[in-house]
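J.:
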Amino acid sequence: MSSTVIYFLTLRLHLDVPSFAELFKERATAPFFVFQVFSVGLWCLDEYWIYPLIALGMLCLFEASLVQQQLKNLSEIRSMSEKPYNIYVYRQKKWVRVRTDQLIAGDIISISENDQKFCIPADLLLLRGTCIVDESMLTGESVPVSKDPCEVLKADEHFTFDDAHKTQILFGGTKVVQFTPPSKSTNSLKAPDNGCICFVLRTGLSTSQGRLLKTIMYSVKAVTANNAESFLFIAFLLIFALIASAYVWIEGTADPRRNRYKLFLECTLILTSVIPQELPLELSLAVNSSLIALCKLLVYCTEPFRIPFAGKIDICAFDKTGTLTEDIVVVEGVTGLNDQPSNKLLQVKQCPLSTIQVLASCHSLINTSASGLIGDPMEKAMLASTSWSLNDQNEVYGRTIPRSSPLKICQRFRFDSTLRRMSVVVSHYLPSSVDRNYLVCVKGSPETILPMLVDAPPDYEEAYLTMARRGARVLALGQKTLGQLTHEQVRDLTRESVESDIHFCGFVIISCPLKPDSLTVIKDLSYSSHHICMITGDNPLTACHVSSIVGIVRSNVPVLVLSPPNALHEQWHWQSVDESVILPMLDVNAKDAKFKLSQLVQKYDVCLTGEGIDYLSKTNSSFLRQLIPKAKIYARVAPKQKESILVQLKRMGYITLMCGDGTNDVGALKQAHVGVALLNETSISVSLVESTETKQASPSSKNIRQKNHGGTFNRANRGDVHSTNANINNSNPAVRPSFNLSALDTEQEVSVVRLGNASIAAPFTAKMSSPIGVCHIVMQGRCTLVTTLQMYKILAINALIIAYSSSVLYLKGFKISDTQATIRALLLSACFLFISRSKPLKALSKERPIPNIFNVYTLLTVSLQFLVHFYVLYLLTMEAELRMPKV
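The sequence shown runs 1 to 887 under full-length UniProt numbering.
(1) Can you list, in chain order, the stretches of the beta strand (DSSP E) that have 3 or more residues and sit fully within the segment 168-252?
(2) Does any residue of chain C have a CB that is nearer than 7 Å to the CB of lysine 83?
(3) Could you tell me which residues DSSP pairs with valine 872 in its beta bridges?
(4) Answer yes or no: do leucine 170 and leucine 213 have a C-beta to C-beta separation smaller than 7 Å?
(5) Compute the Euclidean distance between the alpha carbons of aspartate 578 and valine 601, then round it to the nearest angstrom.
(6) Could you say which of Ile250, Leu297, Ser230 lies nearest to glycine 773 if we only look at CA atoms?
(7) Put histidine 673 into one of helix, strand or coil per three-state DSSP.
(8) Go ahead and pull the three-state DSSP assignment for valine 89.
(9) Can you list, in chain order, the residues of its chain whose CB lies under 6 Å from that of arginine 412, leaving out five sequence neighbours each side?
(10) Hey, out of Gly610, Pro457, Thr130, Ser75, whose CA is closest to glycine 195's CA?
(11) How many angstroms separate the CA atom of tyrosine 48 from the CA atom of glutamine 820?
(12) With DSSP run on the structure shown, which of helix, strand or coil describes arginine 257?
(13) What did DSSP end up calling glutamate 332 once you bin it into helix, strand or coil?
(14) In this structure, how does DSSP classify isoleucine 801 when only helix, strand and coil are distinguished?
(15) Please report the straight-line C-alpha distance between threonine 272 and serine 39, rounded to a whole angstrom.
(16) I need the straight-line Cα distance from serine 580 to alanine 468, nearest angstrom please.
(17) With lysine 312 and isoleucine 655 assumed to form a contact (beta carbons below 8 Å), what rounded beta-carbon distance in angstroms separates them?
(18) Tell me the DSSP secondary structure of isoleucine 850 in three-state form.
(19) Using the Cα positions of proline 771 and threonine 321, report the straight-line distance between them to the nearest angstrom.
(20) What whole-angstrom Cβ distance do serine 417 and glycine 551 have, given they're in contact under 8 Å?
(21) I'd like to know whether the C-beta atoms of isoleucine 509 and glycine 333 end up nearer to each other than 7 Å.
(22) Using the C-alpha atoms, what's the distance from tyrosine 792 back to glutamine 865?
(23) Give, in chain order, every unbroken run of the beta strand (DSSP E) that is at least 3 residues long and sits entirely within the segment 424-482.
(24) DSSP three-state label for histidine 545, please.
(25) Verify whether the separation of the beta carbon atoms of proline 849 and leucine 785 is less than 7 Å.
(26) Which one of Leu269, Arg883, Leu265 has the shortest CA to CA distance from alanine 241?
(27) Please report the distance separating the alpha-carbon of alanine 726 from that of lysine 515.
(28) Using DSSP's beta-bridge definition, name the partner residues of alanine 766.
(29) Between the segment 515-526 and the segment 456-474, can you find at least three pairs of beta-carbon atoms closer than 8 Å?
(30) Taking buried to mean at least 16 other C-beta atoms within 10 Å of its own C-beta, is leucine 781 buried or exposed?
(31) Take phenylalanine 415 and list the residues in its own chain whose beta-carbon comes closer than 6 Å to its own, dropping the five residues that flank it on each side.
(32) Please classify asparagine 259: is it buried, with 16 or more other beta-carbons within 10 angstroms of its beta-carbon, or exposed?
(33) Whole angstroms are fine: how far does the CA of arginine 837 sit from the CA of serine 742?
(34) Starting from isoleucine 111, trace the beta strand (DSSP E) both ways and give me its first and last residue.
(35) Could you tell me the alpha carbon to alpha carbon distance between lysine 93 and glycine 172, rounded to whole angstroms?
(36) Could you name the residues of the same chain whose beta carbon sits closer than 6 Å to that of proline 558, not counting the 5 residues immediately before and after it, in chain order?
Pasting the structure below:
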């Protein structure tokens, strides 16, 4: 046991802050620093003193300032880790008090009410009891989440940290808002403090918090020039240096009067002079300027090397719900009941009791005394539409007269993005009886619920498709009676047994208004030569409707959905949203298949469903690879499919951006080159977005944003929910981000990203509900990319000029003085400093920047510019020789 503890203690969450001398020694032994000191020594040997000593002093001061800033950041990171505290641990068949920094994987511990003021010490699997946890320190999301115990794990089921078991894991670094201890009736293990029983999965830097801290820690280090492009750039310049050195040596040795030592020293100086000593510093300045600018716009980055990728983006992918549409949800009504027309809505209060019971109880909401009602905004809206309430005992009850019997939520089978449904087991007292009757309430996508129904109406598909085409979100409702059960029978119920033989209770129709800036953002990104697509788990018809409103698909072009066989078509086929266009699947084996596909996407916009992607991946993966970059909409896709789409786009060489929330889109956000997690911090984002967009947006964009795009379904009679935000006084200087000269002193320091601002979901975290953060990231990425390329050009031309002047002109007796070399270096540094402070354009340009150094345009520009300098130097040298007195 003691050896095990010693081994795992090496993994504890403790960051030792090194001393100034240790960090400076680490930087002083870096290859570029050693090379720079070597170059200074060569200059001194060539009888230069002022220039090399000033360069060495500035180099040491710069490295010392970086070390000082790194020490400050490391101290801040260390302060983020929680101090250890005592906790109950079950070891050697007894409960003992152990410090949290001595926990090891495999321990069984107790989380009690006394531990609520502390952070959870490790990644834990909840075995007994339930918890409500604040995960904002990891994900940035301010809404607490509910955690259920993992009581049964199937023999063929593999435990993972992803969505399948995420609701059963207490992640290290999060805080317990409320907990419910295990039931006293169970005969399982009980802790002395009556806490929730947990199993330790990971400790220290292996936990989710530890990995995030490591990411933040590495992000505070200076961006180095150690990439393939930089080394190729140096190798390219080294070719010219070798030619110049060889020329000096051959020509110089031909003259017996020349000093061989001086010749060798000059050749060495030529080789070192073409390698830009300023390259690491200049690249750091360019990226750090963008980091600071993004922080002012409430966009935080934990992986700075990804910023230049934002300037090269080919494809921008957006989630729909919560990204382009608001989290504000409006329940329009219920349809599909009592032979009512498919286009007619019934108010929730007019619905049968069974429908109201499903809407009121089938959710994952929790009521706490401290935070009130906690959970998904859509489920809150559905509960509110029934006028029922949820208490802290997991009971829902009606407030209408006559009051119906309260429903006690006994067991939840939470929403699964793969299954696209959730269900609950509830109980209520029978009239004039003490016996409890048990019910199953189910909700989910209409396609998923249909096979479970025993009484589906004949116009089932027509009813939900009609509403989906109009942009509504449609959920099917169902219920069945289980009768009277014992506690053991309720506990043994499985998802498969309860989600069968369901009676249909109607379709609930939900609308989500668009965010005010969604239309402007999509328009600006489309104008700036990006391919825009939507990746959502929602219905294809709803996704197509929202895409047409925001401009992802063309308004005058039909959208074709890859549809499975049905009663009218025996094969997979393309079918438009309004069913006016139906085309057969392309013959993928035909010689002109690529040509026909290009014609198809020119004439129509394409929507792929998760089912269609599965079909093509099994039958013809090569055709799927051709189709994926051309699709505008991906609908009814599971989180794993979202991730797969981004992986395939990356393999095909596309630079991708994915924008979504930090909970459901984690896999896709991590796979994209630029993953942006939107956090709904509306109170601080609205003023910022409005103030910056007032300056940046064109008049047409302002007009678009002022229109009412608040809804996507039957909201003509409803006021715009964003009218207050739209009328914010943009002239108020207090809400504008500061870009004045008084901030120049602080711009040299990049503040460390703190927990709560960074998210484990994505390298970029936008603490705003508006997708305008994507435009800010693209602008800064383009600015950084263009600035970096411009620096490479200047460094290349300067190196070539030095190579020429140090070779040809040296042999003719020309040599710059110590003062001239110093002035030249200072002027060049000032030039780089001004370039590094470049600001992005106020609006995205249609022309995309050149993605790399080695292209015809850049090489031709540098070559022609050097020829101009070469011609001028040659003429001046010839004129000087003519005017020199002959000896």
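Just so it is clear, CB atoms sit at the ideal spot from N, CA and C, and this is done for glycine as well.
T.: Answer, in terms of the structure:
(1) Within the segment 168-252, the complete beta strand (DSSP E) runs of at least 3 residues fall at 175-180, 196-202.
(2) This model lacks chain C altogether; it includes just one protein chain.
(3) Partner(s): none; valine 872 has no beta bridge.
(4) Leucine 170 is not a Cβ neighbour of leucine 213, given a cutoff of 7 Å.
(5) Spanning the alpha carbons of aspartate 578 and valine 601 requires a straight line of approximately 18 Å.
(6) The residue with the shortest Cα to Cα distance from glycine 773 is Leu297.
(7) Secondary structure of histidine 673 (DSSP, three-state): coil.
(8) Three-state result, valine 89: strand.
(9) Within its own chain, the residues whose Cβ lies closer than 6 Å to the Cβ of arginine 412, once the five positions on either side in sequence are excluded, are Val424, listed in chain order.
(10) Closest by C-alpha distance to glycine 195, out of Gly610, Pro457, Thr130, Ser75, is Thr130.
(11) Each residue's Cα considered, the two are about 11 Å apart.
(12) In the three-state reduction of the DSSP assignment, arginine 257 falls in the coil class, being assigned neither a helical nor a strand state.
(13) In this structure, glutamate 332 counts as strand in the three-state DSSP scheme.
(14) In this structure, isoleucine 801 counts as helix in the three-state DSSP scheme.
(15) Distance between the alpha carbons of threonine 272 and serine 39: 7 Å.
(16) For serine 580 and alanine 468, the gap between their C-alpha atoms comes out near 16 Å.
(17) Between isoleucine 655 and lysine 312 the Cβ distance is about 5 Å, and since that is below 8 Å, they are a contact.
(18) When DSSP states are grouped into helix, strand and coil, isoleucine 850 belongs to the coil group.
(19) Taking the straight line from one Cα to the other gives about 12 Å.
(20) That belief does not hold up - the Cβ atoms of serine 417 and glycine 551 are roughly 27 Å apart, past 8 Å.
(21) Yes, the Cβ-Cβ distance between isoleucine 509 and glycine 333 is below 7 Å.
(22) Cα to Cα, glutamine 865 sits roughly 13 Å from tyrosine 792.
(23) The qualifying runs are 436-444.
(24) Secondary structure at histidine 545: helix, using DSSP grouped into helix, strand and coil.
(25) Yes, Cβ-Cβ distance for proline 849 and leucine 785 is below 7 Å.
(26) Ranking the options by Cα distance to alanine 241, first place goes to Leu269.
(27) Confidence is the limiting factor: at alanine 726 the pLDDT is only 34, short of 50, which leaves the residue's position unreliable, though a coordinate-based value still follows. Near 11 Å, if we compare the C-alpha coordinates of lysine 515 and alanine 726.
(28) DSSP output for alanine 766 lists Val299, Leu678 as bridge partner(s).
(29) Cβ pair count under 8 Å is below three, so no.
(30) Here residue 781 is glycine; the residue named in the question, leucine, does not match the sequence. Glycine 781 should be labelled buried.
(31) Within the same chain, phenylalanine 415 has close Cβ partners Met422.
(32) It is exposed - the Cβ of asparagine 259 has fewer than 16 other Cβ atoms within 10 Å.
(33) For serine 742, the predicted structure reports a pLDDT of 37, less than 50, and the residue's modelled location is therefore unreliable. A value from the coordinates is still provided. Roughly 14 Å between the two C-alpha positions.
(34) If you look at isoleucine 111, you'll find it in the beta strand (DSSP E) that goes 108-111.
(35) When rounded, the distance between both Cα atoms is 25 Å.
(36) If we look at proline 558 and ignore the five residues flanking it on each side, its Cβ neighbours are Ser576, Val581, Tyr604.
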